[in-house]
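J.: Residue numbering for the sequence shown follows the working numbering, starting at 861 and increasing by one per position.
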Amino acid sequence: MGKLVAVLSLVILLMPGLANANLLVNPSFETGTLASWSVDWNSVNLSVVSFNPHDGVYHARNSWDGGMYQDTAITGGQQYRLTGWAYIPAGAGGSPWGTFIGLRFLDSVGATVGDYQIDMEGLTRDQYNMADTGFVTADPTAVTARARFGTWSSSPWEPVNPTDFDHFDLTPIPEPTSLLLLGSGLVGLVGLTKKRKFNN
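1. Between Phe1025 and Ala920, which are expected to be in contact by the criterion C-beta below 8 angstroms, what is the C-beta distance as a whole number of angstroms?
2. Spatial neighbours of Gly994 within its chain, please: CB distance less than 7 angstroms, with the 5 preceding and 5 following residues excluded, ordered by chain position.
3. Report yes if the C-beta distance between Ser910 and Tyr918 is below 7 angstroms; otherwise report no.
4. On a CA-only basis, which of Phe889, Ile1033, Pro1016, Asn880 is nearest Asp925? Give me that one, please.
5. Around the Cβ of Gln987, are there at least 16 other Cβ atoms within 10 angstroms (buried) or fewer (exposed)?
6. Mind checking Trp880: buried by the 16 CB within 10 Å criterion, or exposed?
7. Out of Asn1021, Pro1034, Val885, point me to the one whose CA is closest to Gly954's CA.
8. List the whole-angstrom C-beta distance separating Asp967 from Val996, where the pair is believed to meet the contact cut-off of C-beta under 8 angstroms.
9. So, using beta-carbon positions, are Asn905 and Ser923 closer together than 7 angstroms?
10. Would Gly927 be called buried (16 or more neighbouring beta carbons within 10 Å of its own) or exposed?
11. Have a look at Leu1039 and Thr935 and give me their C-alpha separation to the nearest angstrom.
12. By the 10 Å Cβ neighbour count, where 16 or more other Cβ atoms means buried, how is Asp1029 classified, buried or exposed?
13. Could you check what DSSP says for Asn905 in three-state terms: helix, strand or coil?
14. Would a C-beta distance cut-off of 7 angstroms place Gly974 and Phe965 closer than the cut-off?
15. Could you check what DSSP says for Thr1011 in three-state terms: helix, strand or coil?
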């Protein structure tokens, strides 16, 4: 009985962890590098610095116009949520320009099958603001989730700069059947242990 209670307690503890696991690598740039992130455009304008982190020590900085992304394998039909933080300084800039954080779903040939973008330039300046896609369902054909961020402008216009980005989190929601299988599997393991003990 004691083992069963212990296993059920373990299941309860594991379920939130499964639901809240961050799928991104180096999500807050605490390696001090852009490792695991890929350049979308204008690599010369992108770097990791420690002047203005949202948390921790480091953050990504876009000195002008540029963007980055990180791809991770996912399961089509499941729900995912992307959050991230962006800091835009005061200033008007030239028009048009914008700063965004977004989540894109891709199929096996790299075609976009879902795109959720949050435009940040209209939010309060000189502070970090959070972008949140909410939980969105990946297309059944999706195999990749792409977390994206950047600041863009149309030449020769100058965007407000520099813009800072930090603390990204890509969270899956496991299917209820997956959680049920985990629980039943662990409970079954206890039953097997008890049977072996009885046979001995």
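Each residue gets a CB set at the ideal place from its N, CA and C atoms; glycine is no exception.
T.: Let me lay it out:
1. Beta-carbon to beta-carbon, Phe1025 and Ala920 are separated by about 4 angstroms, close enough to satisfy the 8 angstroms threshold.
2. Same-chain partners within the cutoff: Arg941.
3. Yes, these two residues count as a Cβ contact at 7 angstroms.
4. Of the candidates Phe889, Ile1033, Pro1016, Asn880, the one whose C-alpha sits nearest the C-alpha of Asp925 is Pro1016.
5. So Gln987 ends up on the exposed side.
6. Strictly speaking, residue 880 in this sequence is Asn, with Trp absent from that position. Burial call: exposed.
7. That would be Asn1021, whose Cα lies nearest to the Cα of Gly954.
8. The C-beta distance from Asp967 to Val996 rounds to 16 angstroms, too long to meet the 8 angstroms contact threshold.
9. In terms of Cβ geometry, Asn905 and Ser923 form a close pair [threshold 7 angstroms].
10. Result: buried.
11. Its pLDDT being 47, under 50, Leu1039 is placed unreliably in this model, and the value from its coordinates should be taken loosely. About 15 angstroms.
12. Buried, by the Cβ-count rule.
13. In this structure, Asn905 counts as helix in the three-state DSSP scheme.
14. For Gly974 and Phe965, yes; Cβs fall inside 7 angstroms.
15. In the three-state reduction of the DSSP assignment, Thr1011 falls in the strand class.
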